[in-house]
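S.K.: Pasting a structure here, questions to come.
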Amino acid sequence: MSKRLATFKDKEFVVVKTLSFEEQASIEVMFRVINGFETQNIKFEIVRDIHEDILNTLKNGTPGHQLFRQIMELMSTFNAFLNHWNTSLKREFGESSKNYIKFKEATGEQFDTYFEYRFLYGLRNYIHHCGMPNIIVNAKLDSNDIPVYELMVNKAELLSGMDWHKRVKTDFQTIGDTFDIFPFFKVLIECVTRIHNVAINNIDVIKLLICAQRMSTYKKYRDSEDKELVLLGYTGMNQFGDPTNLNYEHFRFNLADYLIKQIKPTNDAGIAPTGSPS
């Protein structure tokens with residue numbers, strides 16, 4: 001399908017340039033690289049946002065079923081985050097590449113260093129196979145009248161439902177019959193942030209920078225900043241003069257500018273974003 005550059009405002013498209021096959025192909029590669037980066041970053045942000053939802057649910061005293069649903073969502077998105085990075089880096093660079101190996105080292109380091117990470121890594125499997133364990137929610141005020149929350153679980157219940165990793169079973173020997181998993185979630189987010197930053201720094205950041213710089217050059221096709229620039233495609237026109245099989249994709253100028261600012265083109269080019277531009 002041949003495509004065109006068009007401005008977009010108030011549901012109206014105005015074609016500003018017809019593209020050659022070569023330029024269209026170049027733009028589509030540019031979109032794929034930049035959108036791929038954003039997809040990875042969004043998965044990280046979703047994990048972080050669900051953790052914030054859990055905190056807000058506890059503060060607001062909303063029903064327990066909502067809290068348990070959010071915990072299940074956190075475990076699911078945590079798993080998706082790891083799997084997506086694992087698949088992406090392995091597919092792009094290969095299983096024996098330093099890029100993929102560094103990612104695996106980062107995940108291994110979090111698992112080896114933090115019991116909280118090991119436990120929650122296992123809890124996602126427990127929830128998948130056994131359902132949500134019984135969690136007792138406690139809330140009280142500390143000496144400064146600040147709310148303190150506990151999410152208590154029973155060790156015997158957890159052990160009876162699943163064959164845990166041997167390292168976690170060893171950990172279980174050093175803790176009480178019931179224990180509080182609420183602080184574990186904060187540690188998990190810290191671990192996920194470290195993994196994400198390692199993974200981000202092992203994508204092809206130079207290619208990402210080049211694509212961001214190239215996207216930025218297309219700003220000139222907007223005659224005002226309140227209009228968006230899109231890559232517009234359609235197969236033909238109907239009897240009313242409207243395009244058929246219409247599809248379009250926005251130029252992400254804010255994201256391109258963010259990447260240009262963050263990526264430093266050196267021999268060790270890297271980027272450590274912990275959020276996306278608005």
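Number 244 in full-length UniProt numbering belongs to position 244 of the sequence shown; there are no gaps in the numbering. Cβ atoms here follow ideal geometry from the backbone N, Cα and C, with glycine treated the same way. These numbers were taken from a predicted model, which means no experiment stands behind them.
Can you give me the C-alpha to C-alpha distance between R124 and K155, rounded to a whole angstrom?
M.R.: 15 Å
S.K.: Per DSSP, what are the beta-bridge partners of K140 in this structure?
M.R.: V148
S.K.: Would T77 and I195 be called neighbours here (beta carbons separated by less than 9 Å)?
M.R.: no
S.K.: Can you have a look at F37 and say buried or exposed, based on whether 16 or more other CB atoms are within 10 angstroms of its CB?
M.R.: Counting other Cβ atoms within 10 Å of its Cβ, F37 reaches 16 or more and is therefore classed as buried.
S.K.: On the CB-based measure, 16 or more other CB atoms within 10 Å of its CB, does A139 come out buried or exposed?
M.R.: The residue is exposed, with fewer than 16 neighbouring Cβ atoms inside 10 Å.
S.K.: So, for F93: in the same chain, excluding its five sequence neighbours on each side, which residues have a beta-carbon less than 7 Å away from its beta-carbon?
M.R.: Spatial neighbours of F93 in its own chain (CB-CB distance under 7 Å, excluding positions within 5 residues in sequence) are listed in chain order as N99 and Y100.
S.K.: Which residue marks the beginning of the alpha helix (DSSP H) containing H196, and which one marks its end?
M.R.: F182 to I200
S.K.: Just the Cα atoms here: how many angstroms apart are I34 and T174?
M.R.: Roughly 47 Å separates the two Cα atoms.
S.K.: Assuming H84 and K17 are in contact, meaning their beta carbons sit under 8 Å apart, how far apart are those beta carbons, in whole angstroms?
M.R.: 35 Å between Cβ atoms; not a contact.
S.K.: Please go through the same chain and pick out, in chain order, the residues whose beta-carbon is closer than 6 Å to the beta-carbon of L89, but skip the five residues on each side of it.
M.R.: N99, Y100 and F103
S.K.: Can you grab the Cα-Cα spacing for the pair M1 / Q40, in whole Å?
M.R.: 28 Å
S.K.: Helix, strand or coil: how does DSSP classify K3 here?
M.R.: Three-state result, K3: strand.
S.K.: Can you confirm whether the stretch 115-129 touches the stretch 177-184 when touching is taken to mean that 3 or more C-beta pairs between the two stretches lie within less than 8 Å?
M.R.: yes
S.K.: Three-state secondary structure (DSSP) at N125?
M.R.: Helix at N125.
S.K.: Alpha carbon to alpha carbon, how far is K264 from R167?
M.R.: 40 Å
S.K.: Which whole-angstrom value is the C-beta distance of F185 and S216, which I expect to be below 8 Å?
M.R.: Contact doesn't hold; Cβ gap of about 38 Å is too wide.
S.K.: If Y218 sits next to L232, beta carbons under 8 Å apart, how far is it from one beta carbon to the other, in whole angstroms?
M.R.: With a Cβ gap of about 13 Å, Y218 and L232 do not count as contacting.
S.K.: I need the boundaries of the alpha helix (DSSP H) containing T113, first residue and last residue.
M.R.: K98 to T113
S.K.: Between C191, V14 and C211, which has its C-alpha nearest T113's C-alpha?
M.R.: C191
S.K.: Quick check on this structure: which residue in V14, I46, F21 and V205 has the alpha carbon closest to the alpha carbon of T193?
M.R.: I46
S.K.: For the alpha helix (DSSP H) holding F253, just list the boundary residues, first then last.
M.R.: F253 to Q262
S.K.: So the beta strand (DSSP E) K17 belongs to, where does it begin and stop?
M.R.: Under the DSSP assignment, K17 falls in the beta strand (DSSP E) whose first and last residues are E12 to T18.
S.K.: In the DSSP assignment, the beta strand (DSSP E) including T250 goes from what residue to what residue?
M.R.: The amino acid at residue 250 is misidentified as Thr; the sequence shows His. First-last of the beta strand (DSSP E) with H250: N247 to H250.
S.K.: Return the CA-CA distance between R4 and S26, expressed in angstroms with no decimal places.
M.R.: So the alpha carbons of these two residues sit roughly 13 Å apart.
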